[in-house]
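Chains as they are written, first to last, in the numbering used here: chain A, 1 to 290; chain B, 1001 to 1290.
Don't be surprised by glycine CBs; every beta carbon is placed ideally from N, CA and C.
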């Protein structure tokens, strides 16, 4: 997805929020905001929003010497989500259509996103997402793709959301590789965050070699790109994975909440809608990385 | 009120919204947003947000050659408000405390603000504001000040909101001078807008000589400044009047809804709160323009 002009105010908001979380002084906050405006001047019109977000958070890390401003928020979100784990599993076990419920739970967890909002109501979101119709409903396509494949590459999003992913992964009938970020960026899950959420018990955890939000293929490591190219079925969580991979030629199912109006508009849905978007191609077709 | 860094994202949002309303092409929209970011670089740290807003809307007017992008929105808001006029008057007439109700009605009309949001629910806001406790309650001070004075200078805010002001003005026991903008800026009321709302029937309408939001004393005309300096009691409507006059030494009662988090923070109230803030000095004391 390209960057819209509507993303520019959001970049400044996000820079300011990250700077404050990182403990920046008012003077540092001002310097960060002014530099981000400079960088936006030369930001390529066809670049995706996570490319700018990567630059923003790199600047905040450098300016404040704080490499992980969201560390405490990530740990708190993981603990909050783990406290719900037994209840989430119970909901899948007792569901009429367990895959449907497990997918909705994974999407509900996508509300834990400090790039979009300062706070969230996890339990209210869970009830909403369990009941809400899909604005884009690729559930049957996912069901069929799972029946035809033998492994899943799962592109993670945020810490805490990891626990909700775990519930879906426990229900999947195949080995899962769970892909996290190589270093901290916003509240995106790293290897450490995934382990804390228990993902090591249900999947192989790898990182994509990058510290950009989403999956910026140009920034990812060779080992990850090989796995990505071979994967017969990819589940990509969250807005940033949609922003960075919406044009990729790959068998990707996007699972997300459209929390931002720009992404909702790009997907043709309303803000607040839930999305399970099936790929245009299947994993059986030959393909190239785009 | 000084400009906070949190205002910067909002300036970009407002520039984009105004550009689109003015019919700017995507290329023009991009040019406007980039130029606003340039101007923010040299924007004085102690300037008020309406000074930047004035520059933003001047740029949009120049770039798009559209001097009044909010014209249709202003007319629609005035018509919508006029349709409520009889009901609003009835509410004051049947109230236990008519001044309290008339003040609340004037504050309810402050929801009509295209600088802050694209849309509003006028009737729901009216019911909320009629019932909501004041977060800052200067009603008794206003009652006393009205008893001790013989005229009121009323600084208007937005078109449509004018009708709600009219209901309060009809209840005031003194002659009122209603001050509008000298030229269009966002959806602020001009002389034409005030006339359309019937303010000519209940007050003398003058303009402040400026096309900045709020009341930027450095931009106002001499005739207005003389009236302002002599006024024994001033009612100032809306956020921009608070932003520009919060430091002024004058007998100003601020009536507003704290629609923006920054202004709410500056006032020490919560977003969504209603405010009737009494002046620190009375109109009887000698004073200088600040």
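The shortest C-alpha to C-alpha distance from residue 1185 of chain B to any of B:1206, B:1157, B:1198 and B:1028 is the one to B:1157. Closest by C-alpha distance to residue 91 of chain A, out of A:81, A:82 and A:102, is A:102. When the beta-carbon positions are compared, residue 1037 of chain B and residue 37 of chain A come within less than 9 angstroms of each other.
The DSSP-derived three-state label of residue 188 of chain A is strand. Taking CB atoms only, residue 44 of chain A has no neighbour in chain B less than 9 angstroms away. Residue 165 of chain A does not reach chain B, its nearest Cβ partner there being about 31 angstroms away, counting only Cβ pairs nearer than 7 angstroms. At a beta-carbon threshold of 8 angstroms, the residues of chain A lying near residue 1033 of chain B are 5 and 8, ordered along the chain. For residue 1176 of chain B, DSSP records a beta bridge to B:1152. When secondary structure is reduced to three states using DSSP, residue 1216 of chain B falls in the coil class, being assigned neither helix nor strand. Chain A has a Cβ within less than 9 angstroms of the Cβ of residue 1030 of chain B. Note that the C-beta distance between residue 34 of chain A and residue 137 of chain A is not below 9 angstroms.
In the DSSP secondary-structure assignment, residue 158 of chain A is bridged to A:188. Nearest CB-CB separation between residue 69 of chain A and chain B: not below the 9 angstroms threshold. Each of B:1192, B:1229 and B:1266 was checked against the Cα of residue 1252 of chain B, and the nearest Cα belongs to B:1229. Out of A:16, A:280, A:224 and A:9, the CA that lies nearest to the CA of residue 118 of chain A is found in A:16.
The beta carbon of residue 271 of chain A sits closer than 8 angstroms to those of 258, 259, 260, 261 and 264, all from its chain and outside the five residues before and after it, given in chain order.
It is roughly 41 angstroms from the alpha-carbon of residue 105 of chain A to the alpha-carbon of residue 1267 of chain B.
With the criterion set as a beta carbon lying under 7 angstroms from some beta carbon of chain A, the segment 1220 to 1238 of chain B has no members that meet it. Counting along the chain, the unbroken alpha helix (DSSP H) around residue 107 of chain A starts and ends at 98 to 108. Collapsing the DSSP output to three states places residue 74 of chain A in a helix. Contact of residue 1013 of chain B with chain A by beta-carbon distance below 7 angstroms involves 9. The beta carbon of residue 211 of chain A lies closer than 6 angstroms to those of 181, 182, 183 and 185 in the same chain, with the five residues before and after it left out.
Contact with chain A is absent for residue 1001 of chain B, since none of that chain's Cβ atoms lies less than 9 angstroms from the residue's Cβ. Contact annotation for residue 41 of chain A against chain B: 1034, 1037 and 1038 [CB-CB distance below 9 angstroms, chain order]. Chain A places no beta carbon closer than 9 angstroms to that of residue 1059 of chain B, leaving this residue out of the contacts.
The beta carbon of residue 1026 of chain B sits closer than 9 angstroms to some beta carbon of chain A. Within the DSSP secondary-structure output, residue 1207 of chain B pairs in a beta bridge with B:1180.
Distances from the alpha-carbon of residue 100 of chain A to those of A:171, A:78 and A:245 put A:171 closest. A check of alpha carbon separations from residue 1239 of chain B across B:1213, B:1249 and B:1219 identifies B:1213 as the nearest. Leaving aside the five residues that flank residue 1216 of chain B on each side, the residues in its chain whose CB is nearer than 8 angstroms to its CB run, in chain order, 1048, 1050, 1051, 1054, 1210 and 1244.
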